[in-house]
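Notes for the one structure printed next.
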Amino acid sequence: MRIPIMLLHALCLLALAATPLTAAPKVGDAAPQFKLKGNVVNPVEHTQLSEMQGDVVLIKEWQIRDIGSSKELPAIQKYWTERGGKGLHAFLIHRLNFEKYHDVIDYCHEKGYTFCVPMGGFYDTNDFDAYRADSKEFRTTVIGVDGKVAFHGTTGWESVLDAELKKCVYPGLTKHSVHKLVEKAAGFFAQRSYGKALAEAQKLSGHADDAVKGDAALIIERAESFHKALRARIDKAREERRWQLALELLDRMVEEFRLHEYGTQAAAEAKALRDDKSLKSELKSWEAFKKVLDENRKRKDRNARATALRAFARAHTGLRAAEDAEKLARELEQSLEE
Numbered sequence: 002m003r004i005p006i007m008l009l010h011a012l013c014l015l016a017l018a019a020t021p022l023t024a025a026p027k028v029g030d031a032a033p034q035f036k037l038k039g040n041v042v043n044p045v046e047h048t049q050l051s052e053m054q055g056d057v058v059l060i061k062e063w064q065i066r067d068i069g070s071s072k073e074l075p076a077i078q079k080y081w082t083e084r085g086g087k088g089l090h091a092f093l094i095h096r097l098n099f100e101k102y103h104d105v106i107d108y109c110h111e112k113g114y115t116f117c118v119p120m121g122g123f124y125d126t127n128d129f130d131a132y133r134a135d136s137k138e139f140r141t142t143v144i145g146v147d148g149k150v151a152f153h154g155t156t157g158w159e160s161v162l163d164a165e166l167k168k169c170v171y172p173g174l175t176k177h178s179v180h181k182l183v184e185k186a187a188g189f190f191a192q193r194s195y196g197k198a199l200a201e202a203q204k205l206s207g208h209a210d211d212a213v214k215g216d217a218a219l220i221i222e223r224a225e226s227f228h229k230a231l232r233a234r235i236d237k238a239r240e241e242r243r244w245q246l247a248l249e250l251l252d253r254m255v256e257e258f259r260l261h262e263y264g265t266q267a268a269a270e271a272k273a274l275r276d277d278k279s280l281k282s283e284l285k286s287w288e289a290f291k292k293v294l295d296e297n298r299k300r301k302d303r304n305a306r307a308t309a310l311r312a313f314a315r316a317h318t319g320l321r322a323a324e325d326a327e328k329l330a331r332e333l334e335q336s337l338e339e
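Residue 339 is where the sequence shown ends in my numbering, and the numbering goes up by one at each step.
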């Protein structure tokens with residue numbers, strides 16, 4: 002017996018309606034995994050939960066057209082300004098797709114929001130589906146320093162977030178209490194002075210007390226892992242000929258690993274890049290590109306932005322920044338056609 006197409010569609014819809022949604026996370030549960038891989042406004046360094054062990058994570062659903070959810074964003078921006086990158090990770094999921102990527106970019110810029118906004122977090126390669134409670138309410142989740150759900154709901158998340166942030170003494174270390182002899186090294190680590198943290202921790206690496214030795218080893222392991230991750234980003238920037246980004250990351254390594262061979266090596270590498278005559282045009286082009294982007298932020302009209310980008314690309318033909326300018330111009334033009 003052949004089933005009519007319309008009836009088949011109806012049966013499929015009924016089946017989907019009967020399928021239970023992913024169970025909402027409960028307070029005390031181990032926090033579900035998530036990933037950040039699709040379109041993102043204000044991209045961040047850490048993109049999955051395993052990279053945020055021991056830190057506090059805020060996940061909130063919102064949408065431009067929903068007044069209730071968007072009115073909390075100024076308060077979240079304040080948290081982000083104070084603790085972003087210092088023990089707090091925030092992911093403000095733009096839940097619906099009535100607005101497109103560049104609409105949300107414009108909205109965030111106009112409002113001065115610098116926190117991370119994953120687009121389509123339940124329907125795209127940005128996967129936060131485990132945090133979706135139902136199709137009606139916009140929920141907020143706080144993941145505590147123990148990696149468990151500390152809050153999941155609509156109101157009252159602020160006090161829970163405050164309490165968890167107070168527990169986050171040593172951001173990025175994965176633990177917040179160390180042996181007294183290791184506190185100096187841990188303090189440097191919390192300030193992102195990884196070179197000083199390594200130097201202090203290495204002095205204690207042969208200590209007779211296993212607790213001291215264990216905490217020192219953790220600091221060394223975590224600082225080394227941060228160096229490895231930063232080095233990988235520098236290498237990628239160099240491979241992609243993003244010389245300005247490579248220099249920014251090298252300067253960051255110099256600062257964070259001051260008084261350590263990693264910082265010394267980074268300083269020498271940065272100097273070599275700046276002195277490389279073959280890169281002078283590339284570096285000047287990146288500086289000019291940044292000025293175009295800054296000017297474009299003042300322009301409301303996307304056609305005008307695209308025109309400025311194409312003019313820049315023509316003037317810098319053959320240089321890497323021109324490729325990025327062309328790509329962004331195409332994206333802006335496509336956003337007007339959607």
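Backbone N, C-alpha and C define an ideal beta-carbon position, used for all residues, glycine too.
Span of the alpha helix (DSSP H) around residue i
i: residue 77; result: 74 to 84
i: residue 188; result: 184 to 191
i: residue 310; result: 303 to 316
i: residue 91; result: Where residue 91 is concerned, there is no enclosing alpha helix (DSSP H), although the beta strand (DSSP E) it sits in stretches over 89 to 95.
i: residue 162; result: 158 to 168
i: residue 335; result: 321 to 338
i: residue 206; result: Where residue 206 is concerned, there is no enclosing alpha helix (DSSP H), given that its DSSP letter is neither H nor E.
Closest Cα partner of residue i within the set the options
i: residue 72; options: 156, 150, 172; result: 156
i: residue 111; options: 29, 187, 74; result: 74
i: residue 39; options: 128, 293, 208, 264; result: 128
i: residue 219; options: 87, 121, 251, 55; result: 55
i: residue 273; options: 26, 248, 130; result: 248
i: residue 53; options: 261, 193, 148; result: 148
i: residue 263; options: 229, 240, 236; result: 229
i: residue 212; options: 227, 182, 141; result: 182
Own chain residues within Cβ distance below 8 Å of residue i, not counting five before or after
i: residue 336; result: 101, 102, 103, 104, 303
i: residue 131; result: 23, 26, 33, 34, 35
i: residue 175; result: 54, 55, 219, 223
i: residue 63; result: 70, 71, 73, 74, 93, 94, 95, 96, 139
i: residue 286; result: 317, 320, 321, 322, 323
Beta-bridge partners of residue i, as assigned by DSSP
i: residue 119; result: 41
i: residue 128; result: 36
i: residue 49; result: 36
i: residue 31; result: 149
Delimiting residues of the beta strand (DSSP E) encompassing residue i
i: residue 62; result: 57 to 63
i: residue 152; result: 150 to 154
i: residue 142; result: 141 to 144
Close-in-space but distant-in-sequence residues of the same chain around residue i (CB under 6 Å, 5 per side omitted)
i: residue 259; result: 196
i: residue 329; result: 310
i: residue 284; result: 244
i: residue 206; result: 217
i: residue 254; result: 231, 267
Residue i: CB within 7 Å of a non-hydrogen atom of the ligand MG
i: residue 164; result: With respect to small molecules bound, the structure shown includes none, and the ligand MG cannot be examined in it.
Proximal residues to residue i (C-beta, below 7 Å), its chain only, five neighbours per side dropped
i: residue 189; result: 197, 198, 201
i: residue 185; result: 201
i: residue 193; result: 257
Contained beta strand (DSSP E) runs [length at least 3] in the region 236 to 262, N- to C-terminal order
none
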